[in-house]
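> Using my numbering, read the sequence shown as starting at 807 and increasing by one per residue. For glycine and all other residues, C-beta sits at the position ideal for the given N, C-alpha and C. Have a look at this one before I ask anything.
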Amino acid sequence: MTNIDYEYFDEPSIDENYKCSICTKPLQHPVTTPCDHTYCQQCIRQWLSQNHSSCPTCRQALSSDDLTPITTRLVLNMLDKLLVKCSLCGTNRIERGNLNDHINKICPKRILSCAASDILCRWSGTRDEYDEHLSTCNYQQLRPVLGHLISTNNQLEQQIQALTTHLQILQTTVSNPTKHLITFDKLTDRENKADFGIIPEFYENLLWKNVWYMDERWVKITHTLSGWKNAYTNDHTCVAFNEKGNTMKIGSKQQFSLVAFEATAAWHDDLQINVLGRRMKQNLHSSTINLQFRYSQVFQFDWNNIDEVKFVPINGVRHPGMDYEEKYFALTWILLGK
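The following block contains the structure:
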(Lines of atoms letter the chains of each structure in order from A and count residues from 1; the text may use other names and numbers.)
(Lines give C-alpha, C1' and ligand atoms only; values in the text may rest on other atoms or scores of the structure.)
Protein backbone atom coordinates (compact mmCIF):
# COMPACT_ATOMS: atom_id res chain seq x y z
CA MET A 1 0.00 0.00 0.00
CA THR A 2 1.71 3.20 -1.19
CA ASN A 3 1.57 6.77 0.05
CA ILE A 4 2.70 9.72 -2.08
CA ASP A 5 3.79 11.75 0.96
CA TYR A 6 6.67 9.57 2.13
CA GLU A 7 9.01 6.67 1.53
CA TYR A 8 10.48 4.36 4.13
CA PHE A 9 14.00 4.88 5.47
CA ASP A 10 16.06 1.70 5.04
CA GLU A 11 12.99 -0.32 4.02
CA PRO A 12 14.90 -3.62 3.43
CA SER A 13 15.74 -3.77 7.14
CA ILE A 14 12.08 -3.68 8.23
CA ASP A 15 10.86 -6.99 9.65
CA GLU A 16 8.79 -8.92 7.08
CA ASN A 17 6.25 -9.73 9.80
CA TYR A 18 5.24 -6.05 9.73
CA LYS A 19 4.66 -6.02 5.96
CA CYS A 20 1.52 -6.69 3.96
CA SER A 21 1.93 -9.63 1.55
CA ILE A 22 -0.35 -7.94 -0.99
CA CYS A 23 1.41 -4.54 -1.38
CA THR A 24 4.71 -5.71 0.25
CA LYS A 25 4.84 -2.45 2.24
CA PRO A 26 4.67 -2.00 6.04
CA LEU A 27 1.12 -2.48 7.28
CA GLN A 28 -1.37 0.38 7.27
CA HIS A 29 -4.47 -0.02 9.47
CA PRO A 30 -3.73 -3.74 9.84
CA VAL A 31 -6.46 -6.36 9.99
CA THR A 32 -6.21 -10.07 10.65
CA THR A 33 -8.11 -13.02 9.18
CA PRO A 34 -9.50 -16.15 10.88
CA CYS A 35 -6.60 -18.03 9.28
CA ASP A 36 -4.18 -15.73 11.14
CA HIS A 37 -2.82 -13.71 8.21
CA THR A 38 -2.41 -9.97 8.40
CA TYR A 39 -2.93 -7.35 5.69
CA CYS A 40 -3.46 -3.64 5.21
CA GLN A 41 -7.18 -3.00 5.56
CA GLN A 42 -7.44 -1.31 2.18
CA CYS A 43 -5.39 -3.99 0.41
CA ILE A 44 -7.44 -6.95 1.60
CA ARG A 45 -10.78 -5.22 1.06
CA GLN A 46 -9.75 -4.31 -2.47
CA TRP A 47 -8.66 -7.93 -3.03
CA LEU A 48 -12.03 -9.25 -1.85
CA SER A 49 -13.93 -6.70 -3.93
CA GLN A 50 -12.28 -8.07 -7.10
CA ASN A 51 -14.37 -11.27 -7.03
CA HIS A 52 -11.95 -13.06 -4.72
CA SER A 53 -13.47 -15.04 -1.86
CA SER A 54 -10.42 -16.54 -0.22
CA CYS A 55 -7.29 -15.51 1.68
CA PRO A 56 -4.55 -14.54 -0.81
CA THR A 57 -1.95 -16.42 1.27
CA CYS A 58 -3.58 -19.76 2.10
CA ARG A 59 -6.77 -19.69 -0.04
CA GLN A 60 -9.04 -20.35 2.90
CA ALA A 61 -12.58 -18.99 2.37
CA LEU A 62 -12.75 -15.35 3.42
CA SER A 63 -15.17 -12.39 3.34
CA SER A 64 -15.00 -8.78 4.52
CA ASP A 65 -17.09 -9.69 7.57
CA ASP A 66 -14.29 -12.01 8.73
CA LEU A 67 -11.71 -9.23 9.04
CA THR A 68 -10.73 -8.06 12.52
CA PRO A 69 -8.78 -4.82 13.10
CA ILE A 70 -5.56 -5.25 15.05
CA THR A 71 -5.76 -3.08 18.17
CA THR A 72 -2.73 -4.39 20.08
CA ARG A 73 -0.93 -1.26 21.15
CA LEU A 74 2.52 -2.89 20.94
CA VAL A 75 2.06 -3.71 17.24
CA LEU A 76 0.55 -0.33 16.35
CA ASN A 77 3.33 1.51 18.19
CA MET A 78 5.98 -0.50 16.34
CA LEU A 79 4.42 0.47 13.01
CA ASP A 80 4.07 4.13 14.01
CA LYS A 81 7.76 4.28 14.99
CA LEU A 82 8.97 3.18 11.55
CA LEU A 83 11.19 5.91 10.10
CA VAL A 84 10.16 7.60 6.87
CA LYS A 85 11.32 10.34 4.52
CA CYS A 86 8.91 13.13 3.51
CA SER A 87 8.59 13.03 -0.27
CA LEU A 88 7.64 16.72 -0.40
CA CYS A 89 10.61 18.32 1.38
CA GLY A 90 13.07 15.43 1.79
CA THR A 91 13.20 15.56 5.58
CA ASN A 92 14.42 12.16 6.83
CA ARG A 93 13.97 9.98 9.90
CA ILE A 94 10.42 11.09 10.73
CA GLU A 95 8.41 8.55 12.73
CA ARG A 96 5.52 7.42 10.56
CA GLY A 97 3.05 8.20 13.34
CA ASN A 98 4.24 11.84 13.35
CA LEU A 99 4.12 12.35 9.60
CA ASN A 100 0.68 14.02 9.57
CA ASP A 101 1.90 16.62 12.08
CA HIS A 102 4.98 17.22 9.93
CA ILE A 103 2.90 17.68 6.76
CA ASN A 104 0.20 19.82 8.37
CA LYS A 105 2.37 22.02 10.59
CA ILE A 106 6.01 22.01 9.48
CA CYS A 107 6.72 20.77 5.95
CA PRO A 108 7.99 23.77 3.93
CA LYS A 109 6.84 22.24 0.63
CA ARG A 110 3.24 21.55 1.65
CA ILE A 111 0.87 23.33 -0.73
CA LEU A 112 -1.28 25.91 1.06
CA SER A 113 -4.09 28.20 0.00
CA CYS A 114 -4.03 31.86 0.87
CA ALA A 115 -5.72 32.91 4.13
CA ALA A 116 -7.80 35.19 1.91
CA SER A 117 -9.18 32.30 -0.17
CA ASP A 118 -12.53 32.91 1.53
CA ILE A 119 -12.61 36.32 -0.13
CA LEU A 120 -11.62 35.01 -3.57
CA CYS A 121 -7.80 35.02 -3.55
CA ARG A 122 -6.88 32.07 -5.78
CA TRP A 123 -3.18 31.86 -4.84
CA SER A 124 -1.74 28.55 -3.73
CA GLY A 125 1.89 27.75 -3.08
CA THR A 126 4.32 26.08 -0.73
CA ARG A 127 4.53 26.90 2.95
CA ASP A 128 7.95 28.54 2.52
CA GLU A 129 6.39 30.95 -0.02
CA TYR A 130 3.32 31.67 2.08
CA ASP A 131 4.54 34.56 4.27
CA GLU A 132 5.97 36.44 1.31
CA HIS A 133 2.71 36.10 -0.62
CA LEU A 134 0.60 37.14 2.36
CA SER A 135 2.64 40.30 2.86
CA THR A 136 1.74 41.46 -0.67
CA CYS A 137 -1.71 39.89 -1.09
CA ASN A 138 -4.16 42.57 -2.22
CA TYR A 139 -7.12 40.48 -1.09
CA GLN A 140 -5.78 40.16 2.44
CA GLN A 141 -5.10 43.88 2.64
CA LEU A 142 -8.64 44.57 1.45
CA ARG A 143 -10.16 41.96 3.77
CA PRO A 144 -12.10 44.47 5.95
CA VAL A 145 -13.76 46.00 2.88
CA LEU A 146 -14.29 42.77 0.92
CA GLY A 147 -15.52 40.93 4.02
CA HIS A 148 -18.10 43.62 4.60
CA LEU A 149 -19.21 43.56 0.94
CA ILE A 150 -19.57 39.77 0.95
CA SER A 151 -21.51 39.87 4.22
CA THR A 152 -23.77 42.60 2.88
CA ASN A 153 -24.34 40.68 -0.35
CA ASN A 154 -25.30 37.55 1.60
CA GLN A 155 -27.76 39.56 3.68
CA LEU A 156 -29.29 41.09 0.55
CA GLU A 157 -29.71 37.64 -0.98
CA GLN A 158 -31.48 36.48 2.18
CA GLN A 159 -33.73 39.54 2.11
CA ILE A 160 -34.58 38.97 -1.56
CA GLN A 161 -35.47 35.36 -0.77
CA ALA A 162 -37.64 36.47 2.15
CA LEU A 163 -39.40 39.07 -0.03
CA THR A 164 -39.98 36.54 -2.80
CA THR A 165 -41.44 34.03 -0.37
CA HIS A 166 -43.55 36.72 1.28
CA LEU A 167 -44.96 37.76 -2.11
CA GLN A 168 -45.80 34.16 -2.96
CA ILE A 169 -47.58 33.75 0.35
CA LEU A 170 -49.55 36.98 -0.13
CA GLN A 171 -50.60 35.80 -3.58
CA THR A 172 -51.72 32.50 -2.06
CA THR A 173 -53.68 34.37 0.62
CA VAL A 174 -55.49 36.54 -1.91
CA SER A 175 -56.41 33.61 -4.14
CA ASN A 176 -57.36 31.29 -1.28
CA PRO A 177 -60.01 32.61 1.15
CA THR A 178 -59.31 29.76 3.58
CA LYS A 179 -55.90 31.31 4.40
CA HIS A 180 -55.71 33.93 7.17
CA LEU A 181 -52.70 36.26 7.30
CA ILE A 182 -52.25 37.68 10.79
CA THR A 183 -50.14 40.82 11.28
CA PHE A 184 -49.71 43.07 14.30
CA ASP A 185 -49.54 46.55 12.75
CA LYS A 186 -52.96 47.66 13.97
CA LEU A 187 -52.21 46.83 17.60
CA THR A 188 -50.42 50.10 18.42
CA ASP A 189 -53.36 52.14 17.07
CA ARG A 190 -55.89 49.90 18.78
CA GLU A 191 -54.05 50.05 22.11
CA ASN A 192 -53.08 53.71 21.61
CA LYS A 193 -49.43 52.95 22.45
CA ALA A 194 -46.16 53.44 20.58
CA ASP A 195 -44.01 51.07 22.59
CA PHE A 196 -44.99 47.52 23.58
CA GLY A 197 -47.61 45.55 25.45
CA ILE A 198 -49.45 42.26 25.85
CA ILE A 199 -51.38 41.05 22.82
CA PRO A 200 -55.05 41.26 23.84
CA GLU A 201 -56.99 38.12 24.55
CA PHE A 202 -58.77 36.74 21.45
CA TYR A 203 -56.89 39.05 19.08
CA GLU A 204 -57.77 37.74 15.60
CA ASN A 205 -59.96 35.16 17.40
CA LEU A 206 -56.91 33.35 18.75
CA LEU A 207 -55.54 32.53 22.19
CA TRP A 208 -52.17 34.19 22.90
CA LYS A 209 -49.97 33.00 25.76
CA ASN A 210 -46.76 34.83 26.64
CA VAL A 211 -46.99 36.82 23.40
CA TRP A 212 -46.37 40.58 23.40
CA TYR A 213 -46.21 43.18 20.64
CA MET A 214 -43.61 45.91 19.99
CA ASP A 215 -43.86 49.02 17.83
CA GLU A 216 -41.02 49.88 15.45
CA ARG A 217 -40.78 53.40 16.87
CA TRP A 218 -39.86 51.97 20.27
CA VAL A 219 -37.10 49.86 18.73
CA LYS A 220 -35.63 52.86 16.92
CA ILE A 221 -35.37 54.68 20.26
CA THR A 222 -34.21 51.90 22.59
CA HIS A 223 -32.76 49.01 20.57
CA THR A 224 -31.16 50.50 17.47
CA LEU A 225 -28.30 47.96 17.39
CA SER A 226 -30.44 44.88 18.05
CA GLY A 227 -31.83 42.27 15.70
CA TRP A 228 -35.32 43.61 16.45
CA LYS A 229 -34.93 46.25 13.73
CA ASN A 230 -34.56 43.55 11.05
CA ALA A 231 -38.02 42.16 11.82
CA TYR A 232 -39.91 45.15 10.44
CA THR A 233 -39.94 44.08 6.79
CA ASN A 234 -42.29 45.04 3.95
CA ASP A 235 -43.52 48.19 5.73
CA HIS A 236 -44.67 46.31 8.82
CA THR A 237 -44.57 48.59 11.86
CA CYS A 238 -45.36 46.20 14.69
CA VAL A 239 -44.24 42.65 15.52
CA ALA A 240 -45.03 40.01 18.13
CA PHE A 241 -42.40 38.57 20.47
CA ASN A 242 -41.96 36.04 23.27
CA GLU A 243 -42.08 37.87 26.58
CA LYS A 244 -38.93 37.36 28.74
CA GLY A 245 -37.49 35.13 26.01
CA ASN A 246 -39.65 32.23 27.12
CA THR A 247 -41.91 29.78 25.30
CA MET A 248 -44.91 31.32 23.58
CA LYS A 249 -48.12 29.73 22.32
CA ILE A 250 -50.76 30.64 19.77
CA GLY A 251 -53.94 28.60 20.01
CA SER A 252 -57.56 28.39 18.99
CA LYS A 253 -60.76 26.70 20.09
CA GLN A 254 -61.08 25.51 16.50
CA GLN A 255 -58.59 23.38 14.57
CA PHE A 256 -56.44 25.19 12.00
CA SER A 257 -53.39 24.72 9.77
CA LEU A 258 -49.97 26.30 10.12
CA VAL A 259 -48.88 27.51 6.68
CA ALA A 260 -45.98 29.93 7.27
CA PHE A 261 -44.50 32.70 9.41
CA GLU A 262 -41.65 35.23 9.31
CA ALA A 263 -39.28 35.48 12.29
CA THR A 264 -36.03 37.12 13.45
CA ALA A 265 -33.69 36.65 16.43
CA ALA A 266 -33.29 39.69 18.70
CA TRP A 267 -29.94 39.09 20.44
CA HIS A 268 -28.52 35.82 19.09
CA ASP A 269 -27.07 34.26 15.97
CA ASP A 270 -28.39 30.83 15.01
CA LEU A 271 -31.12 30.96 17.62
CA GLN A 272 -32.75 27.54 17.65
CA ILE A 273 -36.52 27.44 18.07
CA ASN A 274 -38.43 24.20 18.43
CA VAL A 275 -41.79 24.72 16.72
CA LEU A 276 -44.52 22.30 17.81
CA GLY A 277 -47.91 21.69 16.21
CA ARG A 278 -50.30 20.41 18.89
CA ARG A 279 -53.85 19.16 19.22
CA MET A 280 -55.56 18.62 22.57
CA LYS A 281 -52.17 19.15 24.29
CA GLN A 282 -50.54 16.37 22.29
CA ASN A 283 -47.56 17.03 19.98
CA LEU A 284 -48.42 16.10 16.39
CA HIS A 285 -45.61 17.92 14.57
CA SER A 286 -42.16 19.16 15.48
CA SER A 287 -39.50 21.13 13.62
CA THR A 288 -36.38 22.97 14.82
CA ILE A 289 -35.55 26.19 12.95
CA ASN A 290 -32.56 28.54 13.15
CA LEU A 291 -33.30 32.25 13.43
CA GLN A 292 -30.74 34.90 12.49
CA PHE A 293 -29.87 38.26 14.04
CA ARG A 294 -29.01 40.08 10.80
CA TYR A 295 -32.08 39.23 8.72
CA SER A 296 -35.58 37.85 8.94
CA GLN A 297 -36.61 34.54 7.40
CA VAL A 298 -39.82 33.00 6.15
CA PHE A 299 -40.56 29.42 7.22
CA GLN A 300 -43.20 27.33 5.49
CA PHE A 301 -45.15 24.42 6.94
CA ASP A 302 -47.96 22.06 6.03
CA TRP A 303 -49.37 21.18 9.43
CA ASN A 304 -53.08 20.50 9.44
CA ASN A 305 -55.74 19.86 12.08
CA ILE A 306 -53.91 21.43 15.03
CA ASP A 307 -55.26 23.74 17.73
CA GLU A 308 -51.99 25.23 19.02
CA VAL A 309 -48.56 26.31 17.78
CA LYS A 310 -45.85 26.33 20.42
CA PHE A 311 -42.51 28.15 20.01
CA VAL A 312 -39.77 26.90 22.35
CA PRO A 313 -36.40 28.76 22.31
CA ILE A 314 -33.57 26.26 22.79
CA ASN A 315 -30.17 27.90 22.40
CA GLY A 316 -28.08 30.24 20.27
CA VAL A 317 -24.84 32.19 20.11
CA ARG A 318 -25.06 35.70 21.54
CA HIS A 319 -24.36 38.21 18.76
CA PRO A 320 -21.14 40.23 19.31
CA GLY A 321 -21.84 43.36 21.32
CA MET A 322 -25.19 42.14 22.67
CA ASP A 323 -25.47 41.87 26.46
CA TYR A 324 -28.82 40.08 26.73
CA GLU A 325 -28.97 36.36 27.49
CA GLU A 326 -32.75 36.01 27.06
CA LYS A 327 -33.71 34.17 23.87
CA TYR A 328 -36.05 36.77 22.42
CA PHE A 329 -37.35 36.51 18.86
CA ALA A 330 -39.80 38.50 16.75
CA LEU A 331 -42.73 37.24 14.71
CA THR A 332 -43.52 39.63 11.84
CA TRP A 333 -46.61 37.76 10.66
CA ILE A 334 -48.12 34.28 10.70
CA LEU A 335 -50.27 32.61 8.05
CA LEU A 336 -52.89 30.12 9.20
CA GLY A 337 -55.42 28.01 7.30
CA LYS A 338 -58.88 26.89 8.22
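1) For residue 825, which residues of its own chain have a beta-carbon under 6 Å away from its beta-carbon, when the five flanking residues on both sides are left out?
2) On the three-state DSSP scale, how would you describe residue 1129?
3) If you run the structure through DSSP and keep just helix, strand and coil, what is residue 958?
4) Taking residue 1039 as the reference, which of 966, 1080, 986 has the closest Cα?
5) Just to check my reading of the structure: residue 827 and residue 812 have Cβ atoms closer than 8 Å, yes? What is that Cβ distance to the nearest angstrom?
6) Taking 6 Å as the limit between beta carbons, can you name the residues of its chain near residue 902, skipping five residues before and five after?
7) So, under 8 Å CB-CB, residue 1017 and residue 1027 are touching, yes? Tell me the CB distance rounded to an integer number of Å.
8) Taking a contact to mean a Cβ-Cβ separation below 8 Å, would you say residue 1105 touches residue 1046 in this structure?
9) When the Cα of residue 892 is compared with those of 1113, 1001, 909, which residue comes out closest?
10) How long is the line joining the alpha carbons of residue 1000 and residue 1143, rounded to whole angstroms?
11) Check each candidate in 1124, 924, 1137 and name the one with the smallest Cα separation from residue 1049.
12) Can you list the beta strand (DSSP E) stretches of 3 or more residues lying completely in the segment 817–897, in chain order?
13) Return the first residue and the last residue of the beta strand (DSSP E) that residue 1111 is part of.
14) Just mark residue 1056 as buried or exposed, buried being the case when its beta carbon has 16 or more other beta carbons within 10 Å.
15) Taking contact to mean 3 or more Cβ pairs, one atom from each stretch, closer than 8 Å, check whether the segment 1118–1136 and the segment 1064–1083 are in contact.
16) How many Å lie between residue 1111 and residue 1052 at the Cα?
17) Can you name the residues that DSSP bridges to residue 1047?
18) With the cut-off set at 8 Å, would you say residue 1101 and residue 964 are in Cβ contact?
19) Could you give the DSSP three-state label for residue 1038: helix, strand or coil?
20) In three-state DSSP terms, what is residue 1070?
21) Between the segment 913–928 and the segment 1056–1072, can you find at least three pairs of beta-carbon atoms closer than 8 Å?
22) Relative to the C-alpha of residue 1116, which residue among 1054, 1124, 850, 968 is closest?
23) How should residue 837 be labelled, buried or exposed, when 16 other C-beta atoms within 10 angstroms of its C-beta is the threshold for buried?
24) Tell me which residue opens and which closes the beta strand (DSSP E) that residue 813 is part of.
25) Using the rule of at least 16 other Cβ atoms within 10 Å of the residue's Cβ for burial, across every protein chain shown, is residue 1020 buried or exposed?
26) To the nearest angstrom, how far is it from the Cα of residue 881 to the Cα of residue 939?
27) Please go through the same chain and pick out, in chain order, the residues whose beta-carbon is closer than 6 Å to the beta-carbon of residue 873, but skip the five residues on each side of it.
28) What is the C-beta distance between residue 914 and residue 934, in whole angstroms, given that I count them as a contact (C-beta under 8 Å)?
29) Whole angstroms are fine: how far does the CA of residue 1096 sit from the CA of residue 847?
30) Exposed or buried, residue 808, counting other C-beta atoms within 10 Å across all chains shown (16 or more means buried)?
31) Going along the chain, which unbroken runs of the alpha helix (DSSP H) with 4 or more residues stay wholly within the segment 910–972?
32) Taking residue 1097 as part of the beta strand (DSSP E), name the residues at either end of that continuous run.
33) Relative to the C-alpha of residue 840, which residue among 816, 1141, 821, 871 is closest?
34) For residue 1098, count the other beta carbons within 10 Å of its own beta carbon; 16 or more makes it buried, fewer makes it exposed. Which is it?
35) Give every residue of the same chain whose Cβ lies closer than 6 Å to the Cβ of residue 971, excluding the five residues on either side of it in the sequence, and list them in chain order.
Let me spell this out:
1) The count along the sequence shown starts at 1 and reaches residue 825 at position 19. Hits under 6 Å: 832.
2) In the sequence shown, residue 1129 corresponds to position 323, counting from 1. DSSP places residue 1129 in coil when its eight states are reduced to three.
3) Here residue 958 refers to the residue found at position 152 when the sequence shown is read from its first residue. Of the three classes helix, strand and coil, the one that applies to residue 958 here is helix, per DSSP.
4) Counting from one through the sequence shown, the residue named residue 1039 turns up at place 233. Out of 966, 1080, 986, 966 has the C-alpha closest to the C-alpha of residue 1039.
5) Residue mapping note: residue 827 aligns to position 21 of the sequence shown, counting from 1. Residue mapping note: residue 812 aligns to position 6 of the sequence shown, counting from 1. With a Cβ gap of about 21 Å, residue 827 and residue 812 do not count as contacting.
6) Translated into the one-based positions of the sequence shown, residue 902 becomes position 96. Excluding positions up to five away in sequence, the list reads 886, 888, 890.
7) Along the sequence shown, read from residue 1 onward, the residue named residue 1017 stands at position 211. Along the sequence shown, read from residue 1 onward, the residue named residue 1027 stands at position 221. So it is not a contact: roughly 22 Å between Cβ atoms.
8) For the purposes of this step, residue 1105 is taken as the residue at position 299 of the sequence shown. For the purposes of this step, residue 1046 is taken as the residue at position 240 of the sequence shown. No.
9) Taking the sequence shown and counting its residues from 1, one reaches residue 892 at position 86. Nearest C-alpha to residue 892: 909.
10) In the sequence shown, residue 1000 corresponds to position 194, counting from 1. In the sequence shown, residue 1143 corresponds to position 337, counting from 1. Cα-Cα distance, rounded: 30 Å.
11) One-based indexing of the sequence shown puts residue 1049 at position 243. Closest option to residue 1049, Cα to Cα, is 1137.
12) 836–838, 844–846, 889–892
13) As a position in the sequence shown, residue 1111 is number 305, starting the count at 1. It spans 1103–1119 - the beta strand (DSSP E) in which residue 1111 sits, taken as one unbroken run.
14) Working through the sequence shown from its first residue, we reach residue 1056 at position 250. With 16 or more other Cβ atoms within 10 Å, it is buried.
15) yes
16) For the purposes of this step, residue 1111 is identified with residue 305 of the sequence shown, where counting begins at 1. For the purposes of this step, residue 1052 is identified with residue 246 of the sequence shown, where counting begins at 1. Each residue's alpha carbon lies about 25 Å from the other.
17) Reading the sequence shown from its first residue, position 241 is the one you call residue 1047. Answer by DSSP bridge pairing, in chain order: 1018, 1136.
18) As a working note, residue 1101 is residue 295 in the sequence shown. As a working note, residue 964 is residue 158 in the sequence shown. Yes, the Cβ-Cβ distance between residue 1101 and residue 964 is below 8 Å.
19) Position 232 of the sequence shown, counted from the first residue, corresponds to residue 1038. If DSSP states are grouped into helix, strand and coil, residue 1038 belongs with coil.
20) The count along the sequence shown starts at 1 and reaches residue 1070 at position 264. Strand, per DSSP.
21) no
22) Start at 1 with the first residue of the sequence shown, and residue 1116 comes out as number 310. When each option's Cα is compared against that of residue 1116, the closest is 1054.
23) Stepping through the sequence shown from its first residue, residue 837 is reached at position 31. Burial call: buried.
24) The residue you call residue 813 lines up with position 7 of the sequence shown. Looking at the DSSP string, the run of the beta strand (DSSP E) that includes residue 813 is 812–814.
25) The residue labelled residue 1020 in the question sits at position 214 within the sequence shown. By the 10 Å Cβ count, residue 1020 comes out buried.
26) For the purposes of this step, residue 881 is taken as the residue at position 75 of the sequence shown. For the purposes of this step, residue 939 is taken as the residue at position 133 of the sequence shown. So the two alpha carbons sit approximately 44 Å from each other.
27) Taking the sequence shown and counting its residues from 1, one reaches residue 873 at position 67. The answer, listed in chain order, is 837.
28) By one-based count along the sequence shown, residue 914 stands at place 108. By one-based count along the sequence shown, residue 934 stands at place 128. Going by Cβ atoms, the distance from residue 914 to residue 934 rounds to 4 Å, so yes, they are a contact pair.
29) Position 41 of the sequence shown, counted from the first residue, corresponds to residue 847. Position 290 of the sequence shown, counted from the first residue, corresponds to residue 1096. So the alpha carbons of these two residues sit roughly 41 Å apart.
30) Numbered from its first residue, the sequence shown carries residue 808 at position 2. Because residue 808 carries a pLDDT of 42, less than 50, the predicted location of this residue cannot be relied on, and no value is offered for it.
31) 933–942, 944–947
32) Numbered from 1 along the sequence shown, position 291 holds the residue referred to as residue 1097. Segment 1088–1097, the beta strand (DSSP E) holding residue 1097.
33) By one-based count along the sequence shown, residue 840 stands at place 34. Looking at the Cα atoms, 871 is the closest of the given residues.
34) As a working mapping, residue 1098 is identified with position 292 in the sequence shown. So residue 1098 ends up on the buried side.
35) Numbered from 1 along the sequence shown, position 165 holds the residue referred to as residue 971. Cβ within range, chain order: 1104.
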